[in-house]
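Please read the structure below before turning to the comments.
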């Protein structure tokens with residue numbers, strides 16, 4: 001890993017944590033959790049994927065439980081959602097349907113951003129720790145998807161990643177690009193950013209055009 | 001860590017495990033689980049927080065999967081709930097509402113006891129293993145809250161800790177007291193017990209006066 | 001551990017992974033997940049228990065996230081369920097009740113097979129890594145039961161293992177046989193296969209005769 005990439009890794013990591021924590025906070029507010037619950041969901045969504053990543057790689061204690069920059073980012077994110085959402089409700093309490101639709105759309109965009117940076121950063125950290133190539137790809141996907149899955153399971157929902165539009169596939173592609181580039185000695189800043197952009201573009205295209213992975217029952221219902 | 005504190009740590013740990021396992025067993029009985037399910041929920045609630053703690057700190061295998069004192073405590077606790085609850089139902093089957101209310105109250109007190117000792121013991125173990133100060137505080141909270149969260153998620157409920165009265169905040173305060181005292185070279189038996197008492201008092205005050213952390217939707221509904 | 005047993009361990013492991021992944025894929029199809037979701041549930045059910053095992057034993061990264069043989073087995077299993085189930089639905093879409101009953105029965109047999117090999121293989125891996133005897137027994141049970149529990153919790157169901165017929169008890173017996181045989185220096189291929197057969201027989205007997213562990217509420221309702 002070249003030196004400048006480490007700084008990019010930190011910046012990307014903080015960006016992904018921030019936006020994923022926002023999505024976690026929003027889910028927490030919708031589940032009618034209290035301030036602490038919203039903060040926990042922000043933490044789980046923002047840092048849960050990275051904590052699973054570090055535990056799987058044996059990098060304990062995970063940065064997600066002690067790095068002040070990460071914890072501070074999550075805390076600010078959770079408080080923003082809590083404060084912003086409260087005011088938002090006051091302003092628009094007469095149009096609850098519109099409000100919920102907008103929140104739902106925000107969650108999708110934030111998820112796409114978090115997904116992109118986490119897949120790339122997760123794979124990069126696994127490469128740094130010398131894990132096998134296949135492990136690096138899977139760790140990238142798990143980093144990207146794990147926080148959101150924990151977030152949904154905690155509030156009793158089947159994880160969105162398992163049933164909605166193409167979600168983990170772009171993460172898989174992005175992590176693979178990073179790992180292949182590393183093995184080919186071609187990993188640099190441009191590749192990193194390109195991989196992030198690639199994941200985001202695929203994911204948002206899936207959201208925009210409502211592209212879904214095939215489901216078995218859909219096939220059956222057509223028959 | 002001074003030597004006598006190690007014994008206190010064991011005693012506190014066993015006490016916390018016992019009462020948390022009782023709460024887990026009660027939740028298991030209410031979820032109509034069989035004897036094995038009740039034992040598993042007792043184990044998850046009693047030792048789950050400590051197992052997460054040890055995994056996060058890299059202290060594997062976690063004591064929660066092999067220490068006979070811990071496993072024996074959980075087993076006795078689960079069997080007590082199973083046997084006691086069965087007789088209790090026979091005696092009072094004509095007044096199911098009263099019975100469930102009493103169980104609910106018991107769970108709250110047991111939870112408060114477990115919460116207090118786990119927050120303090122969790123932080124102490126992290127200090128022993130030389131983790132960063134912030135990690136020690138978070139590990140204390142996770143130890144205190146993790147078992148109960150796993151217990152609730154397994155039976156399909158949104159974790160009580162995320163939506164009810166002030167729950168994790170006292171754990172956060174207690175763990176912080178222990179870590180600050182350690183950094184100031186002031187950690188001794190009195191501080192340990194005072195921290196446990198502090199957490200328990202705050203928590204029971206919250207239960208008694210139904211103190212809640214603020215929720216975002218409540219604010220909105222008032223507007 | 002004698003050398004030939006290592007190969008048996010691999011064969012058993014792959015067999016258990018395959019059948020457990022089938023059960024995970026079937027649950028995923030029933031929960032109306034998309035292709036990726038079905039693959040994830042196959043992976044969680046097939047390799048989740050082993051991943052928990054490796055994390056608890058500090059054997060990171062877990063083989064379940066990088067071994068191509070394991071990942072390939074899960075992938076093939078998930079795709080088979082997806083393809084087979086789709087065709088199955090087409091053929092029998094007029095008799096949905098029969099179809100679901102058959103799937104349910106298949107899941108039970110597959111679960112029993114996976115349970116048997118995972119309990120034995122899990123305990124053997126813990127023995128290989130020099131864990132305490134009690135840890136080896138529990139790790140065997142956790143390996144056998146963990147994937148199925150994760151599978152059920154992810155789709156929002158109370159884990160089947162906690163409420164249905166005798167499930168974990170045979171795993172406990174099988175893991176204990178392996179650990180005791182190892183401590184008595186009697187562990188060989190015959191013992192390994194006998195332990196697998198023992199677990200499978202007990203489990204299928206429980207399924208066939210609908211044997212249940214006692215439940216506390218049942219006792220109460222009889223009174």
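Residue numbers (the working numbering), protein chains in the order written: chain A, 1 to 223; chain B, 1 to 223; chain C, 1 to 223.
Note that the Cβ used here is the ideal one computed from N, Cα and C, for glycine as well.
Note that the structure is a prediction, hence the values are computed from the model and not measured.
Closest by C-alpha distance to residue i, when choosing among the options
i	options	result
residue 76/B	53/B, 66/B, 42/B	42/B
residue 46/B	191/B, 131/B, 157/B, 15/B	15/B
residue 21/A	181/A, 34/A, 36/A, 44/A	44/A
residue 66/B	205/C, 130/C, 18/C	130/C
residue 69/B	114/B, 25/B, 115/B, 17/B	17/B
residue 176/B	58/B, 138/B, 206/B, 25/B	138/B
residue 228/B	148/B, 206/B, 191/B, 205/B	The first residue shown for chain B is 1 and the last is 223, placing residue 228/B beyond what the model contains.
Buried or exposed by the 16-neighbour rule on C-beta atoms within 10 Å, applied to residue i
i	result
residue 117/C	buried
residue 60/B	buried
residue 83/C	exposed
residue 201/B	exposed
residue 11/B	exposed
residue 72/B	exposed
residue 227/B	In the structure as shown, chain B begins at 1 and stops at 223. Residue 227/B is therefore absent and cannot be evaluated.
residue 151/A	buried
residue 37/A	buried
residue 144/A	buried
residue 163/C	buried
residue 209/B	exposed
residue 184/C	exposed
residue 33/B	buried
residue 100/A	With a pLDDT of 49 at residue 100/A, under the threshold of 50, the modelled position of that residue is not reliable, and no figure is offered here.
residue 19/A	buried
Residue i in three-state terms, based on DSSP
i	result
residue 111/B	helix
residue 67/C	coil
residue 34/C	strand
residue 13/B	helix
residue 41/C	helix
residue 186/C	coil
residue 197/A	helix
residue 142/A	helix
residue 132/C	coil
residue 74/B	helix
residue 156/C	coil
residue 61/C	coil
residue 210/B	coil
residue 53/B	helix
residue 166/A	coil
residue 94/B	Per-residue confidence for residue 94/B stands at a pLDDT of 47, beneath the threshold of 50, marking its modelled position as unreliable; no derived number is given.
residue 89/A	For residue 89/A, the predicted model reports a pLDDT of 46, less than 50, meaning its position is unreliable and no value from the coordinates is stated.
Spatial neighbours of residue i in its chain, beta-carbon cut-off 6 Å, leaving aside the 5 residues before and after
i	result
residue 167/B	161
residue 39/B	78
residue 136/C	123, 126, 127, 179
residue 85/B	29
residue 51/B	62, 64
Integer-rounded CB distance, given that residue j should sit under 8 Å from residue i
i	j	result
residue 198/A	residue 174/A	6 Å
residue 48/C	residue 140/C	Residue 48/C to residue 140/C, Cβ: 15 Å. No contact.
residue 112/A	residue 203/A	4 Å
residue 120/A	residue 196/A	5 Å
residue 109/A	residue 29/A	In fact, because the Cβ distance is near 17 Å, the residues do not count as touching under 8 Å.
residue 62/B	residue 56/C	6 Å
residue 171/C	residue 115/C	6 Å
Spatial neighbours of residue i in its chain, beta-carbon cut-off 7 Å, leaving aside the 5 residues before and after
i	result
residue 155/C	27, 31
residue 74/C	17, 21, 42, 43, 46, 47
residue 35/A	82
Residue i Cβ short of 7 Å to the ligand ZN heavy atom set
i	result
residue 49/B	This structure does not include the ligand ZN; it has no bound ligands of any sort.
Nonlocal neighbours in the same chain, by C-beta distance under 8 Å from residue i, ignoring five residues either side
i	result
residue 158/B	152
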